[in-house]
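Its first residue numbered 1, the sequence shown is counted upward by one per residue in full-length UniProt numbering.
Below: the structure, in structure tokens.
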Amino acid sequence: MKQYIPLVFLIYLFSCNLDTNKDLQIDQSFEGEEAYWVSKTLDEHHHLAFYNVFTFSNSLFTDSLPGCPTVTIGEDMLTVTLDYDNPICEEASGDHKGKLILKYSSRFSNTNDSIKIIYDGYQYDKSKLEGYRLFKVLQKQNTKVMLAETSDTLLLKDEHESSTRLILDLEHEAKFQSQKIIEIKSNGTMTGRNWGGNQLEAVISAPKIISTSCLSSLKFRPVSGEENWTIQRSGESPVTHKLTYSTAEGCDTKTTIKLAEGVIMIKQP
């Protein structure tokens, strides 16, 4: 009987070692890819919250929306629906599916009013979004609007159904010229759970700025800014990955991801 004890003991030690090193075997590049994907996906829609209901009655504006959605304004003038399943132009790429529903507390979106963006079966470029984002108007001037964004329901899914759940606490500032947005600056934090089931915290450590050149070409990518993504590890110290946004010229943007292990990844746009 005694001869089996060392074998059992070795099996026990091996299993414990697997549990201890499980997090160490995580491919950090997947976490870098996830951080880039989440940020890019969220940046696609926050510009819509800066416009009041009346803007969506202007065909020059709605005809320029990516995906060519059918735009419907509710009778109460407090709801706008962007329906991507019924595009209004033949050249619609088909990357957008489902609906975006904007619900306003007021038609004019003045200070202290709110705008809620609801994702209804929405999908863009194989990424699915569920839940809503709530924006409150902190300040409104002719040339500047500031919004506070919160959400505790947001769920993002990639093409493989891997999901990221987020709680948002962000601020966005838009500069206007001739009633058009010429710059968006974002700050704040996000917390939640990543693809691997670990807790995360993302902090915008230097403001993310989307410039005129990108906005005019309907590319909602930052030309500057930094994010630090900290991922918890069970039984280990957390790791932090850094995303740095930059541009070479115009809206030729890139994202440099520095993983905690020192590896550098470059993503474009």
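The beta carbon of each residue, even a glycine, is placed where N, CA and C say it ideally should be.
Here the structure is a predicted model, which means the values were calculated and not measured.
Problem set entry | Straight-line Cα distance separating E159 from D83 | Indexing the sequence shown from 1 puts residue 83 at position 83. Indexing the sequence shown from 1 puts residue 159 at position 159. Their Cα atoms are separated by approximately 21 Å.
Exercise. Under a Cβ-count criterion, where at least 16 other Cβ atoms within 10 Å of its own Cβ denotes burial, should K208 be classed as buried or exposed?
Worked result: Translated into the one-based positions of the sequence shown, residue 208 becomes position 208. By the neighbour-count rule (16 or more Cβ atoms within 10 Å), K208 is buried.
Problem set entry | Given 8 Å, three or more beta-carbon pairs between the segment 54-62 and the segment 139-153 | By the Cβ criterion, the segment 54-62 is not in contact with the segment 139-153, since fewer than three pairs of Cβ atoms, one from each stretch, lie closer than 8 Å.
Exercise. What is the DSSP secondary structure of W37, counted as helix, strand or coil?
Worked result: Taking the first residue of the sequence shown as position 1, residue 37 is located at position 37. Three-state result, W37: helix.
Problem set entry | S109: first and last residue of the uninterrupted beta strand (DSSP E) it sits in | On the sequence shown, residue 109 is found 109 positions in, with the first residue counted as 1. Unbroken run through S109: none, as it is neither H nor E.
Exercise. For I184, which of helix, strand or coil comes out of DSSP?
Worked result: Along the sequence shown, read from residue 1 onward, the residue named residue 184 stands at position 184. Note: I184 maps to strand in three-state DSSP.
Exercise. Between the beta-carbon of Y36 and the beta-carbon of K267, is there less than 8 Å?
Worked result: Residue mapping note: residue 36 aligns to position 36 of the sequence shown, counting from 1. Residue mapping note: residue 267 aligns to position 267 of the sequence shown, counting from 1. Closer than 8 Å, so yes.
For this session: For my contact list, K116 and T143 are in at a C-beta cut-off of 8 Å; report their separation, rounded to the angstrom.
Result: Here residue 116 refers to the residue found at position 116 when the sequence shown is read from its first residue. Here residue 143 refers to the residue found at position 143 when the sequence shown is read from its first residue. Contact doesn't hold; Cβ gap of about 25 Å is too wide.
Problem set entry | Spatial neighbours of G188 in its chain, beta-carbon cut-off 7 Å, leaving aside the 5 residues before and after | As a working note, residue 188 is residue 188 in the sequence shown. D169, L170, E171, I204, listed in sequence order.
For this session: Thinking L243 and E261 are a contact (beta carbons under 8 Å), I'd like their distance in whole angstroms, please.
Result: For the purposes of this step, residue 243 is taken as the residue at position 243 of the sequence shown. For the purposes of this step, residue 261 is taken as the residue at position 261 of the sequence shown. Under the criterion of beta carbons closer than 8 Å, L243 and E261 do not qualify as touching, at roughly 15 Å.
Exercise. If you scan the segment 192-230 from start to end, which runs of the alpha helix (DSSP H) of 4 or more residues do you find wholly inside it?
Worked result: 212-216
Problem set entry | Span of the beta strand (DSSP E), counted from its first residue to its last, around S151 | To locate residue 151, count along the sequence shown from 1; it is residue 151. S151 -> beta strand (DSSP E) spans 144-157.
Exercise. Secondary structure at E171, three-state DSSP: helix, strand or coil?
Worked result: Here residue 171 refers to the residue found at position 171 when the sequence shown is read from its first residue. DSSP places E171 in strand when its eight states are reduced to three.
Exercise. Grouping DSSP H, G and I as helix and E and B as strand, with all else coil, what is V53?
Worked result: Position 53 of the sequence shown holds residue 53. Residue state, collapsed to three classes: helix.
For this session: Let me know if V53 comes out buried or exposed under the rule of 16 or more other beta-carbons within 10 Å of its beta-carbon.
Result: The residue labelled residue 53 in the question sits at position 53 within the sequence shown. It counts as buried.
For this session: Could you tell me the distance, in whole angstroms, from the CA atom of N21 to the CA atom of A248?
Result: Sequence index remark: in the sequence shown, residue 21 carries index 21 (1-based). Sequence index remark: in the sequence shown, residue 248 carries index 248 (1-based). Note that N21 scores 43 on pLDDT, short of 50, meaning its location in the model is unreliable; the coordinates nonetheless yield the value given after this. The alpha-carbon atoms of N21 and A248 are separated by roughly 41 Å.
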